[in-house]
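Asker:
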Amino acid sequence: MKKVSKEFLLEELAAPVVESLGYELTDLTFEKKGKDWYLTLFIDSENGISLEDCEKVSRPVSEMLDEQDPIEQSYFFEVSSPGMDRPLKKEKHFLSNLDKKIAVHLFAPMDGKKDIEGVLKSYTTDELTLELETGELLTLENSKIAKANRLDELNFKPLPSAE
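Using the numbering used here, you'd call the opening residue of the sequence shown number 4 and step up by one each time.
(1) For Leu141, which three-state DSSP category applies?
(2) Do you know offhand how far Lys9's Cα is from Leu91's?
(3) With contact counted as at least three CB pairs below 8 Å, one residue from each stretch, are the region 94-104 and the region 114-124 in contact?
(4) Straight-line CA distance for Leu154 to Gly25?
(5) Identify which residue in Tyr78, Glu34, Lys117, Glu22 has its Cα closest to the Cα of Lys59.
(6) Terminal residues of the continuous beta strand (DSSP E) containing Lys36?
(7) Which value, in whole angstroms, describes the spacing of the CA atoms of Pro19 and Ile148?
(8) Below 8 Å on the Cβ atoms is my guess for Pro85 versus Asp30; work out the distance and round it to an integer in Å.
(9) Determine the closest residue to Asn50 out of Glu70, Lys35, Glu27, Gln71, with distance taken between C-alpha atoms.
(10) Once you ignore the five residues that flank Met4 on each side, which residues in its own chain have a CB closer than 7 Å to its CB?
(11) Could you tell me if the beta carbon of Glu14 falls within a distance shorter than 6 Å of some heavy atom in the ligand MN?
(12) Glu70 to Glu14, Cα distance in whole Å?
(13) Give me, in chain order, the residues of the same chain whose beta-carbon lies closer than 8 Å to that of Glu130; leave out the 5 immediate sequence neighbours on both sides.
(14) With which residues is Thr132 paired in a DSSP beta bridge?
(15) Could you check if Asp56 is buried or exposed, using at least 16 other CB atoms within 10 Å of its CB as the buried criterion?
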């Protein structure tokens, strides 16, 4: 029988609650930081995420977790936005970021580099293609990618001078 991860089980429990409130569960982590365990849900919506959105999701998910009691040890529970440099883990994450700049971290160096940035031009379950700054297209096997993140470019406008 295939072993199912704790995170997968928690995601199966939390996703319907999050989605019923009009949000997407983009990621979930259950990890030990120091001596404490943390369960963190990352949520998103078309309008972005505010502190109020996190609170709106936190209460019903917390109640469901108390009722289902899927975690043996004590833990801290957090709800957060995925942030500007959101991780890309699922196929839908990659597909929704086509033609956007991403960063890829490889398990092993390729041409002496483990970190590559480029515009995501295509994605399949087997590979993705990046357009590098040079204009060159680079295709990478997904199995060689340790992690990938979206890179948002901030365009700050200068403040008006106070003269």
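Backbone N, C-alpha and C define an ideal beta-carbon position, used for all residues, glycine too.
Here the structure is a predicted model, which means the values were calculated and not measured.
Answerer: So, from the listed chains and residues:
(1) strand
(2) Their Cα atoms are separated by approximately 20 Å.
(3) yes
(4) 25 Å
(5) Glu22
(6) 27-36
(7) 29 Å
(8) 6 Å
(9) Glu27
(10) Annotation note: pLDDT 45 at Met4 (below 50); position unreliable, coordinate value reported separately. Same-chain partners within the cutoff: there are none.
(11) The ligand MN is not part of this structure, which contains no ligands at all.
(12) 15 Å
(13) Residues of the same chain with a CB within less than 8 Å of the CB of Glu130, apart from the 5 flanking positions on each side, are Thr142, Leu143, Glu144, Asn145 in chain order.
(14) Ser125, Thr142
(15) buried
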